[in-house]
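Taken in sequence, the protein lines are chains A and L. Note that my numbering numbers the first sequence so that position 138 is 138, with each residue one more than the last. Note that my numbering numbers the second sequence so that position 37 is 1037, with each residue one more than the last. In this text, a Cβ means the ideal position worked out from N, Cα and C, and glycines have one as well.
Number of protein chains: 2
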Amino acid sequence: MKDGPDIAHIAALIGDPARANMLTALMGGMALTATELAAEAGVTKQTASSHLSKLEAGGLLAIRKQGRHRYYQLADTDVAHLLESLMGVAVRAGHMRHRPGPKDPALRHARVCYDHLAGDMGIRLYESLLAKGHIAEQAGEPRLTDGGKTFISGLGLPLETLAAHRRPLCKACLDWSERRTHLAGSLGAALLDHIYANGWAKRRDSSREVIFTASGKQAFEACFG
Amino acid sequence: MKDGPDIAHIAALIGDPARANMLTALMGGMALTATELAAEAGVTKQTASSHLSKLEAGGLLAIRKQGRHRYYQLADTDVAHLLESLMGVAVRAGHMRHRPGPKDPALRHARVCYDHLAGDMGIRLYESLLAKGHIAEQAGEPRLTDGGKTFISGLGLPLETLAAHRRPLCKACLDWSERRTHLAGSLGAALLDHIYANGWAKRRDSSREVIFTASGKQAFEACFG
DNA sequence: TTCATAGTTCGATCTTAGTCGAAACAAGAG
DNA sequence: CTCTTGTTTCGACTAAGATCGAACTATGAA
Chain A
1 MKDGPDIAHI AALIGDPARA NMLTALMGGM ALTATELAAE AGVTKQTASS
51 HLSKLEAGGL LAIRKQGRHR YYQLADTDVA HLLESLMGVA VRAGHMRHRP
101 GPKDPALRHA RVCYDHLAGD MGIRLYESLL AKGHIAEQAG EPRLTDGGKT
151 FISGLGLPLE TLAAHRRPLC KACLDWSERR THLAGSLGAA LLDHIYANGW
201 AKRRDSSREV IFTASGKQAF EACFG
Chain L
1001 MKDGPDIAHI AALIGDPARA NMLTALMGGM ALTATELAAE AGVTKQTASS
1051 HLSKLEAGGL LAIRKQGRHR YYQLADTDVA HLLESLMGVA VRAGHMRHRP
1101 GPKDPALRHA RVCYDHLAGD MGIRLYESLL AKGHIAEQAG EPRLTDGGKT
1151 FISGLGLPLE TLAAHRRPLC KACLDWSERR THLAGSLGAA LLDHIYANGW
1201 AKRRDSSREV IFTASGKQAF EACFG
């Protein structure tokens, strides 16, 4: 037997189509129940249950019991990053499985990556923050500058609460469609919430797609343009 | 059928133990023949041949024919990054498959990550370059500064040749053992070559382990301390 | 030429694991 | 309590694919 991390085990977990569908669905960021995930994967509940327990045992999923429901979500952001990397390699290798339609460009334009904004709009947000000096990069990770702190507070976001979390405030995340960096971390999540809260955009149901309204796009440009 | 990149396909490719062993072996950076990879994976040549053709069809491997040998290597650095991410999630989820021994700490200390230095020593190298202002980070990726250019040229490395390559000069790579950034890209590869060429360290045969000599360590500290 | 080595293809075997029907279990709702 | 809904467990079926022996091709060496 060889040494080192057992990559085959967890790759095999992701390697089953049904499980991959579930994980992709969970990239949407919301916790889903076993039944919803079964529908998402296109299998019966029994099969889904088996898959979900394997994913949980493998450390890829976290489970939250609530009443008689069990809400599943990705175990941590590392798993989300791994899935995003996989997508990057898959598109690069030419392994798409789509009937080309209007959905794909929309996803490339704006989508959620677990809990923050990705796609073209996500990149724009990141680069705007960088260009205005609100964030700076250090040792591979973005960091909020003093100017950025006042900017974020000026948006009405509770900076202390965000920073108090165990999760890092800023994190770089690589986009599979654009192959560039966008902003993850609790700040990335808070900014997406801000976009929702102001009515600039909303999620399309059971999809990763984020749809901006015309006025929302203007407001976004005004704020991060 | 769902849209989006087909992550299940390539995850399944990595998910077979024999193939995972081959890929891990190729993380050592050197191109290996089919027979060598068969030994590495612990299967016969026939089986290995079947696996290798699948990996190549999946876009994970590149093949180079030379005489009657076929040299296999990872298709690109994205694949190497993906494997490194997988290792990160695997160790985090507690899926190691080791008989704990002297090998593991050695790997954490210094090893090759495809073609550049990783582990504790890799981190030190990166942070030294950053602290001295030889590289700076921008949009998530490190970039060589003007001061860094003179520094690199001062080491005797052919900067123009490195920059001429299609491959990026500097690239951030995440370490699975340290969970921090080290330097990849053609400069990262050149610096590892530099370490070999000066006799500061050498590879342990058929392992990712990099062994520094006592004097090599001193020279490394003097140069990047 | 003959021989040796590297690698692939074919065919057969066999194990693994994904799948679902049926039933059991768990937790509200009425 | 009963009824309903969400989820898991059990058991059996099935299909996919990993494996290897043997034969075949290809390239280089003598």
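In the three-state DSSP reduction, L:Leu1061 falls in the strand class (E or B).
In terms of Cβ geometry, A:Leu107 and A:Ser50 do not form a close pair [threshold 9 Å].
Shown in chain order are the members of the region 1174 to 1187 of chain L whose Cβ falls below 8 Å from a Cβ of chain A: Leu1174, Trp1176, Arg1180, Thr1181. L:Val1210 has its alpha-carbon roughly 21 Å from the corresponding atom of L:Ala1020. Distance between L:Ser1207 and L:Gly1185, taken at the CA atoms: about 21 Å.
Contact annotation: L:Ile1007 and A:Leu55 have beta-carbon atoms that are not nearer than 9 Å. Residue range 1069 to 1074 is occupied by the beta strand (DSSP E) that includes L:Tyr1071. Three or more pairs of CB atoms, one per stretch, sit closer than 8 Å, so the region 67 to 80 of chain A contacts the region 23 to 39 of chain A. Selection A:Arg92, A:Leu32, A:His109, A:Ala18 evaluated against A:Phe212 yields A:His109 as nearest (Cα-Cα).
Under the DSSP definition of a beta bridge, A:Arg111 partners with A:Ala118, A:Glu209. A check of alpha carbon separations from A:Leu187 across A:Thr47, A:Leu117, A:Leu60, A:Pro105 identifies A:Leu117 as the nearest. In the same chain as L:Cys1170, and ignoring 5 residues on each side of it, the C-beta atoms closer than 7 Å to its own belong to Ile1135, Glu1141, Pro1142, Arg1143, Leu1144, Leu1183, Gly1185, Leu1187, in chain order. When DSSP states are grouped into helix, strand and coil, L:Cys1170 belongs to the coil group. Spatial neighbours of L:Leu1157 in its own chain (CB-CB distance under 7 Å, excluding positions within 5 residues in sequence) are listed in chain order as Ala1190, His1194.
DSSP places A:His182 in the uninterrupted beta strand (DSSP E) bounded by 181 to 184. In the three-state DSSP reduction, A:Thr24 falls in the helix class (H, G or I). Spatial neighbours of A:Leu129 in its own chain (CB-CB distance under 6 Å, excluding positions within 5 residues in sequence) are listed in chain order as Ile135. When Cβ-Cβ separations below 9 Å define contact, A:Ser85 makes contact with chain L. Residue pairing for A:Pro105: DSSP places it in no beta bridge.
Secondary structure of L:Pro1158 (DSSP, three-state): coil. Put simply, the CB of A:Ile14 is near chain L, with a gap under 9 Å to one of its CB atoms. For L:Arg1203, the enclosing beta strand (DSSP E) has its first and last residue at 1201 to 1203. Spanning the alpha carbons of A:Met30 and A:Val89 requires a straight line of approximately 25 Å. Assigned with DSSP and collapsed to three states, A:Thr35 falls in helix. A Cβ-Cβ distance of about 11 Å is found for the pair A:Ala48 and A:Leu32, leaving them out of contact under the 8 Å criterion. Between L:Cys1173 and L:His1069, the gap from beta carbon to beta carbon reaches 9 Å or more.
In the structure shown, A:Glu84 falls within a helical segment according to DSSP collapsed to helix, strand and coil.
When Cβ-Cβ separations below 9 Å define contact, A:His81 makes contact with chain L. In the structure shown, A:Glu127 adopts helical secondary structure according to DSSP, grouped into three states.
Here the alpha carbons of L:Cys1223 and A:Gly122 stand approximately 39 Å from one another.
Between A:Gly28 and L:Thr1044, the alpha-carbon positions lie close to 43 Å from each other. Exclusion of the five residues before and after L:Asn1198 leaves Gly1216, Ala1219 as the residues of its chain whose Cβ lies within less than 8 Å of its Cβ. For A:Val91, the residues of chain L that pass the 8 Å Cβ criterion are Pro1005, in the order they occur in the chain.
Residues of chain A with a Cβ closer than 9 Å to the Cβ of L:Gly1094 are, in chain order, Gly59.
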